[in-house]
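Student: Quick one: the structure is below, and I'll ask about it shortly.
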Amino acid sequence: MSAPHQPTTLSNAGLGPPRRRADLTVLGQIEAQARTRITLTVPSNVIDPDMPPASLPMVDFRLHVMRAPGHVRDRAWRHLAEAARAHRGDWNLYALGVAYPKLRAQANKLTAYLAPGPAAQAHYTLAIEFLFALHRLDLTTPQLFPRLIDAAYTHASGRKRRRLPPLYDLDALPDDRVPRSGHGNPEHDAHLDDVNQETVHDVLDRLVTHSDRRTISDTQATLIRRTYLDGETLRHVAADLHLSEPSASKQRTRAATTIARLLGRHDLTEPTPTGPAARHHPPERR
2 MSAPHQPTTL SNAGLGPPRR RADLTVLGQI EAQARTRITL TVPSNVIDPD MPPASLPMVD
62 FRLHVMRAPG HVRDRAWRHL AEAARAHRGD WNLYALGVAY PKLRAQANKL TAYLAPGPAA
122 QAHYTLAIEF LFALHRLDLT TPQLFPRLID AAYTHASGRK RRRLPPLYDL DALPDDRVPR
182 SGHGNPEHDA HLDDVNQETV HDVLDRLVTH SDRRTISDTQ ATLIRRTYLD GETLRHVAAD
242 LHLSEPSASK QRTRAATTIA RLLGRHDLTE PTPTGPAARH HPPERR
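Heads up: the sequence shown begins at 2 in our numbering, then just goes up one per residue.
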């Protein structure tokens, strides 16, 4: 009986280390430049004073900063931002390389549904806005890196470009541009006195009778007033009026329909003006 076949082991000779998949986006090319071209380093004691002294190139600095607690990350980014403000040039590129993972994640949100051209422009805009924030924001407040990312995303996404409604200084406008009330003097219209303070009961009384003609019966008016305005139950009011509850419900519905139609009549729902205003604004004739 022959021995079982053993699987063939593939040799790794000549294959070399596995290659990193290249990010060919704009931000990916910026990160590649920062990783391969610049030779700047940051001292390790910026991250941790107890670390053995060493010079950290961009990738090593990024790894340490990503794993550091918040206050350490703030200190590291403050150092990096101060260097970029003082020397610009490659330090700007160094900062973009350190921020690359988070910037790339934000770019994914911006470009999810964009064509290649607008997507590339969004990458450029995000990188530029990040550098603007790096050179502009207050470096002394906590959560520095999240604030840099948020500022870049806010401007790149257009949230800052949403227009607020226009505000006008009425005192500075010419007289012919000051908004006017269509019903006379707004100050007089807004003034409340004993004449024009009405209750819903007063409005109902005026709707029930207008032009000396009844629109609904006294029974219907009582049903509306006591159930809708005074909050009594329909069953209790119907019993007082010697009506069955179904009959009372039908009469109330019929009256409510009539009142709803009459509420469109401004000459009925609005009190007749008295005093000087009545002389200047006579009621419309219908």
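Here a beta-carbon is modelled for each residue, glycine too, at the ideal position from N, C-alpha and C.
None of these values were measured; they are calculated from a predicted model.
For Lys-86 and Leu-140, what's the separation of their Cα atoms in angstroms?
Tutor: For the record, residue 86 in the displayed sequence is Arg; it is not Lys. Rounded to the nearest angstrom, the two C-alpha atoms are 11 Å apart.
Student: DSSP three-state label for Leu-57, please.
Tutor: Strand at Leu-57.
Student: Just tell me which of Arg-89, His-136, Phe-133 and Thr-126 has its CA closest to the CA of Ala-157.
Tutor: Of the candidates Arg-89, His-136, Phe-133 and Thr-126, the one whose C-alpha sits nearest the C-alpha of Ala-157 is Thr-126.
Student: What separation, rounded to the nearest whole angstrom, lies between the Cα atoms of Thr-37 and Gly-159?
Tutor: The straight-line gap from Cα to Cα measures roughly 32 Å.
Student: My output table needs one value for Pro-44: the three-state DSSP class, helix, strand or coil.
Tutor: Of the three classes helix, strand and coil, the one that applies to Pro-44 here is strand, per DSSP.
Student: Pairing CB atoms from the stretch 128–136 with CB atoms from the stretch 110–119, are three or more of them under 8 Å?
Tutor: They do not touch, by the three-pair rule.
Student: State the DSSP-derived secondary structure class of Ile-217, mapped to helix, strand or coil.
Tutor: Three-state result, Ile-217: coil.
Student: Is it buried or exposed, Gln-221, if we count other Cβ atoms within 10 angstroms and call 16 or more buried?
Tutor: Its Cβ being crowded by 16 or more others within 10 Å, Gln-221 is buried.
Student: Is the beta carbon of Ile-39 closer than 7 Å to that of His-65?
Tutor: No, the Cβ-Cβ distance between His-65 and Ile-39 is not below 7 Å.
Student: Compare the beta carbon distance of Ile-217 and Thr-258 with 7 Å and say whether it is the shorter of the two.
Tutor: Going by C-beta atoms, Ile-217 is not nearer than 7 Å to Thr-258.
Student: May I have the straight-line CA-CA distance separating Thr-100 from Arg-63, to the nearest angstrom?
Tutor: Inspection of the sequence shows that residue 100 is occupied by Ala rather than by Thr. Going from the Cα of Ala-100 to the Cα of Arg-63 covers about 8 Å.
Student: Can the beta-carbon of Ile-150 be found less than 7 Å from the beta-carbon of Lys-110?
Tutor: No. Outside cutoff.
Student: Can you name, in chain order, every residue of its own chain whose Cβ lies under 6 Å from the Cβ of Ala-82, other than the five neighbours on each side?
Tutor: Leu-135 and Leu-140, listed in sequence order.
Student: What's the gap between the Cα of Leu-41 and the Cα of Ile-31?
Tutor: Roughly 15 Å between the two C-alpha positions.
Student: Buried or exposed: where does Asn-93 fall if 16 or more other Cβ atoms within 10 Å of its Cβ makes it buried?
Tutor: Answer is buried; the Cβ neighbour count reaches 16.
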